[in-house]
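Heads up: the sequence shown at position 34 corresponds to 33 in numbering that gives the first Met the number 0, and the numbers run straight through without jumps.
Glycine included, every Cβ here is placed at the ideal spot set by N, Cα and C.
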Amino acid sequence: MAKQKEGVDKRTARKTIRSTEGCAKSITFERNNKSDAVQLHDLPNDILGSILSRLTFRESSQMGLVSHTWRRLWRSCCRKLVFTSATMFQPGNRSIKHTRTNFAMRVNSFLRQLHTHPTLNKFVIKFGLRRKHTRHVNRWIRFCSVSRARHITINFTPGVKDFFMGPANSKYIFPLNVFSGPEGSSTHVRTLHLGYVCLDTTSSDFMIFANLKKLTLHKISFLGDLQCLMLPECNSLECLSISFCSLPGLSTCQPLQRLRCVRLHYCYLKKIELEAPNLTSFDLTNQPIPFVLGGSLNVMEANIKLLAKDSPYGDNLDYIYTELPAALSHVHKLSITSGLFVFDQLQGFSKTSARFINLRHLTMYLPLYGEPKSISGILRLAYLLELAPALEELELHVNGGDVDVGWALRGNMLPYSHNRLKRVLISGASVWEGLMELAYYIFRSANRLESMVLDPKIRIGAPQLDGWMIDIGRETIKKLFEGEEFQSIITIL
Numbered sequence: 000m001a002k003q004k005e006g007v008d009k010r011t012a013r014k015t016i017r018s019t020e021g022c023a024k025s026i027t028f029e030r031n032n033k034s035d036a037v038q039l040h041d042l043p044n045d046i047l048g049s050i051l052s053r054l055t056f057r058e059s060s061q062m063g064l065v066s067h068t069w070r071r072l073w074r075s076c077c078r079k080l081v082f083t084s085a086t087m088f089q090p091g092n093r094s095i096k097h098t099r100t101n102f103a104m105r106v107n108s109f110l111r112q113l114h115t116h117p118t119l120n121k122f123v124i125k126f127g128l129r130r131k132h133t134r135h136v137n138r139w140i141r142f143c144s145v146s147r148a149r150h151i152t153i154n155f156t157p158g159v160k161d162f163f164m165g166p167a168n169s170k171y172i173f174p175l176n177v178f179s180g181p182e183g184s185s186t187h188v189r190t191l192h193l194g195y196v197c198l199d200t201t202s203s204d205f206m207i208f209a210n211l212k213k214l215t216l217h218k219i220s221f222l223g224d225l226q227c228l229m230l231p232e233c234n235s236l237e238c239l240s241i242s243f244c245s246l247p248g249l250s251t252c253q254p255l256q257r258l259r260c261v262r263l264h265y266c267y268l269k270k271i272e273l274e275a276p277n278l279t280s281f282d283l284t285n286q287p288i289p290f291v292l293g294g295s296l297n298v299m300e301a302n303i304k305l306l307a308k309d310s311p312y313g314d315n316l317d318y319i320y321t322e323l324p325a326a327l328s329h330v331h332k333l334s335i336t337s338g339l340f341v342f343d344q345l346q347g348f349s350k351t352s353a354r355f356i357n358l359r360h361l362t363m364y365l366p367l368y369g370e371p372k373s374i375s376g377i378l379r380l381a382y383l384l385e386l387a388p389a390l391e392e393l394e395l396h397v398n399g400g401d402v403d404v405g406w407a408l409r410g411n412m413l414p415y416s417h418n419r420l421k422r423v424l425i426s427g428a429s430v431w432e433g434l435m436e437l438a439y440y441i442f443r444s445a446n447r448l449e450s451m452v453l454d455p456k457i458r459i460g461a462p463q464l465d466g467w468m469i470d471i472g473r474e475t476i477k478k479l480f481e482g483e484e485f486q487s488i489i490t491i492l
C-alpha cells in the first residue's frame, strides 16, 4: 500500500475545469510531496503586509480574491484606496459601460467589503461626477474622514474641457464640516487636492486643516472667501496651488510661516497680498495686477506669465519694469512670458527706482507683434541691463516676423556698463532686425561677456520657419557679426 501511495504521489495529476466562457480546459500540474516546502502564505503577516503595500491598488485588491486568508490580510493591511476609471473598470473590457452610475455602484460595492474603517494613507476619487451624485459621494467622504486619510484627492474634472470652469450649480459641494464631526478629524490630513467641486467656506462648524501641508484647488467654485476661513489657520501649509478658479483676490490675515511654494494659474485675480516670509517659489499666470509678497526675502525662483491686456497695442513692458522689481526684488531666477508689440511709435516706457538686486538668471519668452524692421520697439528691452545689475545669464526667445537680408548694425544707442553679465542666448534672431541691434548693444555693454549664442530658429510658438529661411537668416547674422572682435564670443547656430 505504501508503494502504491508513493506511486500516486509521483504521478502527474490532471484536472478539468470550466472557464467563465463555458469552455472546458485541461490543466496539468505536478504534485509536490515535500512537506517542508515554504509557500507564500506561510510567511509572517507583517512580511505579507509589506508585500501588499508595495503593490498597486488594483494588484493588492486582486490578491484579496485569492482566498479568505488573503482577503482578511488585505483588509487589515489596506492603506490606500484609489477609485478611478482604470481601477474600477477592466482595461479593454467594453462589455461594461464606463458610466457614472456603474462607477458609483462599483465603489459602493468595494467599500462594503471593508467591514471596519482602516487607517488610510491615501484616498483618491477621480471620475466625472456631479452634484446629482451627492448621495454616493457624501458616503465616500464620510468613510474617508472616519478612516483618517492623510492624502486626499477628490477630482471630478475628467470629461471637462481644458479652459472650461463649469457652472457652480452643477458641481458637487464638498462637505468641509464632515472633517469636524464627532467621528472625523481634520488634523490628520496632510495633502488635499480638490478638482471641479464647489467649496463652501461659510460653514460655522468647520474646524480647519491645522496640519495641512499641501493644498491644490482646480476649477473650484467658492461659496464664501477662501482666505477668510481656510488660509489663516493653515499654519503648516507649505505648498498652495490654485488654478482655473474665479477669485477676486488672495490675501492672508496673518503670516504663513511655512509656506514655500505658491502657484496661481488663470484665477483672474485682481490683487494678491501674501505674508509668507519663507516663500522660495512663486508661479503666476494672470493679467497684470499689483501683488505684494510681504517679507518674502528668500524667493529663489519665479515664473510669471502675463495675459494680454484688453487695450489694443498695449503690451506689459511697463508692468515688467515697475511692478515686478518691486514685488520680486530678491528673486534669483526669473522667467517671464508676455507678448510685446514692436512699433517705432512705442519708444517710451516707465522706469522705477526698484531693482532686481539678486537676479542672476533671466529668461523671457516674447511673442512679438508689429513691424519686423522696427528697432526702437525692441530696444526697449535694453533697460533690462540697468534693471538687473547682478544678472549673469540672459535668455530671450521670440517668434513672429519675416526673414530679411537688408539689415545693418547701427549702434546709435550708448552702451550701459554692466559688469556681471556672462552668457546670452537669443532664439528667433533672424526674423526681427531690432534683435540684432539689441544683441550688438548687449555685446558693447557687457564688460565680462563670455559667450553669446544667436539661434536663427524659432523655439517658441508657431509658425516655424522653413529650412531655407533659416539658412538665409543664418547667413544674414554671420555678415552682421563677421568682425574679429565677435569671433571669440558670438556663436551662430
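Which of the three DSSP states, helix, strand or coil, is assigned to Lys131?
Here residue 131 refers to the residue found at position 132 of the sequence shown. In the structure shown, Lys131 sits in a helix (DSSP, three-state: H, G or I).
Taking all protein chains shown into account, decide if Leu492 is buried (16 or more other Cβ within 10 angstroms of its Cβ) or exposed.
Within the sequence shown, residue 492 is the residue found at index 493, counting from 1. That one is exposed.
Quick one, are the C-beta atoms of Glu164 and Lys218 less than 7 Å apart?
Translated into the one-based positions of the sequence shown, residue 164 becomes position 165. Translated into the one-based positions of the sequence shown, residue 218 becomes position 219. Checking the sequence, you will find Met at residue 164 rather than Glu. Contact flag set, yes.
Residue ranges of each beta strand (DSSP E) run of no fewer than 3 residues wholly in the region 350-381, ordered along the chain?
360-369
Tyr171: first and last residue of the uninterrupted beta strand (DSSP E) it sits in:
Against the sequence shown, residue 171 aligns to sequence position 172. Counting along the chain, the beta strand (DSSP E) containing Tyr171 begins and ends at 171-173.
Kindly list the residues whose CB is nearer than 6 Å to the CB of Glu20, restricted to its own chain and excluding five residues on each side of it in sequence; keep chain order.
Residue 20 sits at position 21 when you count from the first residue of the sequence shown. Confidence is the limiting factor: at Glu20 the pLDDT is only 41, short of 50, which leaves the residue's position unreliable, though a coordinate-based value still follows. Result list for Glu20: empty, nothing under 6 Å.
Looking at the structure shown, is Thr279 part of a helix, part of a strand, or coil, going by DSSP?
Locating residue 279 in the sequence shown gives position 280, where the first residue counts as 1. Three-state DSSP puts Thr279 in coil, outside helix and strand.
Report the option in Arg447, Val341, Asp282 whose CA atom is closest to the CA atom of Tyr415.
The count along the sequence shown starts at 1 and reaches residue 415 at position 416. Per the Cα distances, Arg447.
Considering only DSSP beta bridges, list what Asp199 is partnered with.
Working through the sequence shown from its first residue, we reach residue 199 at position 200. DSSP lists Leu222 as partners of Asp199.
Please identify the residue among His331, Lys332, Leu255, Arg262 whose C-alpha is closest to the C-alpha of Gly294.
The residue given as residue 294 occupies position 295 in the sequence shown. The residue with the shortest Cα to Cα distance from Gly294 is Leu255.
By the DSSP assignment, the alpha helix (DSSP H) with Val423 in it spans what residues?
Numbered from its first residue, the sequence shown carries residue 423 at position 424. No alpha helix (DSSP H) holds Val423; the beta strand (DSSP E) holding it covers 422-426.
Any heavy atom of the ligand SAM inside 6 Å of the beta-carbon of Cys266?
Inclusion of the ligand SAM in the displayed structure is not the case, the ligand content being empty and no account of it being possible.
Under three-state DSSP, which class holds Asn387?
Taking the first residue of the sequence shown as 1, we reach residue 387 at position 388. For the sequence presented, residue 387 should be read as Ala rather than Asn. It is coil, neither helix nor strand.
Classify Ser84: buried if its beta carbon has 16 or more other beta carbons within 10 angstroms, exposed otherwise.
Here residue 84 is taken as the residue at index 85 of the sequence shown, counted from 1. Flag for Ser84 reads exposed.
Look up Asn120 in the DSSP assignment and say whether it is helix, strand or coil.
Your numbering for residue 120 matches position 121 in the sequence shown. It is coil, neither helix nor strand.
Thr186 to Phe178 span [Cα, whole Å]
Counted from its first residue, the sequence shown places residue 186 at position 187. Counted from its first residue, the sequence shown places residue 178 at position 179. Each residue's Cα considered, the two are about 9 Å apart.
Extent of the continuous beta strand (DSSP E) run through Ile151:
For this step, residue 151 is matched to residue 152 along the sequence shown. Note, Ile151: beta strand (DSSP E), 150-154.
Where do the N-terminal and C-terminal ends of the beta strand (DSSP E) with Asp454 fall, by residue?
Walking along the sequence shown from the start, residue 454 turns up at place 455. Where Asp454 is concerned, the enclosing beta strand (DSSP E) stretches over 450-454.
When burial is assigned at 16 or more other CB atoms within 10 Å of the CB, is Leu361 buried or exposed?
Here residue 361 refers to the residue found at position 362 when the sequence shown is read from its first residue. So Leu361 counts as buried.
Can you check DSSP and say which residues form a bridge with Ala301?
The sequence position of residue 301 within the sequence shown is 302, counting from 1. Note: Ala301 sits in a beta bridge opposite Phe281, Leu333.
Ends of the alpha helix (DSSP H) at Leu316?
Indexing the sequence shown from 1 puts residue 316 at position 317. Looking at the DSSP string, the run of the alpha helix (DSSP H) that includes Leu316 is 316-326.
Note down the Cα distance separating Thr251 from Val106, rounded to an integer number of angstroms.
One-based indexing of the sequence shown puts residue 251 at position 252. One-based indexing of the sequence shown puts residue 106 at position 107. The straight-line gap from Cα to Cα measures roughly 38 Å.
Does Ser220 pass the burial test, meaning 16 or more other C-beta atoms within 10 Å, or should it be called exposed?
Taking the sequence shown and counting its residues from 1, the one referred to as residue 220 is at position 221. Ser220 comes out buried.
Cβ shell of His396 (< 6 Å), same chain only, five flanking positions each side left out:
For this step, residue 396 is matched to residue 397 along the sequence shown. Around His396: Tyr364, Ser426, Arg458, Ile459.
Along the chain, where does the alpha helix (DSSP H) that runs through Asn500 open and close?
Here the chain comprises residues numbered 0 to 492, so residue 500 is not present and cannot be evaluated.
Where the alpha helix (DSSP H) containing Glu432 begins and where it ends:
The count along the sequence shown starts at 1 and reaches residue 432 at position 433. Element bounds for Glu432: 432-444.
Assess, as a yes-or-no matter, whether the region 329-336 is touched by the region 352-359 under the definition of 3 or more beta carbon pairs within less than 8 Å.
yes
Between Ile489 and the rest of its own chain, which residues show a CB-CB distance below 6 Å, the 5 nearest in sequence each way excluded?
On the sequence shown, residue 489 is found 490 positions in, with the first residue counted as 1. Result list for Ile489: Met451, Phe480, in chain order.
Please tell me whether Glu385 and Arg422 are closer than 7 Å, where the distance is taken between their beta carbons.
Taking the sequence shown and counting its residues from 1, one reaches residue 385 at position 386. Taking the sequence shown and counting its residues from 1, one reaches residue 422 at position 423. No, these two residues do not count as a Cβ contact at 7 Å.
Other residues of its chain near Lys2: CB distance less than 6 Å, five sequence neighbours each side excluded
Position 3 of the sequence shown, counting from 1, holds the residue named residue 2. Low confidence applies here, because Lys2 scores a pLDDT of 47, under 50, leaving its location unreliable and the question unanswered by this model.
For Arg149 and Val188, believed in contact at Cβ under 8 Å, the rounded distance
Position 189 of the sequence shown, counted from the first residue, corresponds to residue 188. Position 150 of the sequence shown, counted from the first residue, corresponds to residue 149. Between Arg149 and Val188 the Cβ distance is about 7 Å, and since that is below 8 Å, they are a contact.
Roughly how many whole angstroms lie between the Cα atoms of Ile377 and Leu258?
Sequence index remark: in the sequence shown, residue 377 carries index 378 (1-based). Sequence index remark: in the sequence shown, residue 258 carries index 259 (1-based). Whole-angstrom Cα-Cα distance: 38 Å.
Can you have a look at Leu413 and say buried or exposed, based on whether 16 or more other CB atoms are within 10 angstroms of its CB?
The residue given as residue 413 occupies position 414 in the sequence shown. Exposed.
Can you look up Lys270 in the DSSP assignment and give me helix, strand or coil?
Looking up residue 270 in the sequence shown gives position 271. Lys270: strand per DSSP, three-state reduction.
Given a cut-off of 7 Å, decide if Gln286 and Leu273 are closer than it, judged by their beta-carbon atoms.
Looking up residue 273 in the sequence shown gives position 274. Looking up residue 286 in the sequence shown gives position 287. For Leu273 and Gln286, no; Cβs fall outside 7 Å.
Is it the case that the Cβ atoms of Leu296 and Leu283 are separated by a distance below 7 Å?
Translated into positions along the sequence shown, residue 296 becomes position 297. Translated into positions along the sequence shown, residue 283 becomes position 284. Result no, Cβ atoms of Leu296 and Leu283 do not sit closer than 7 Å.
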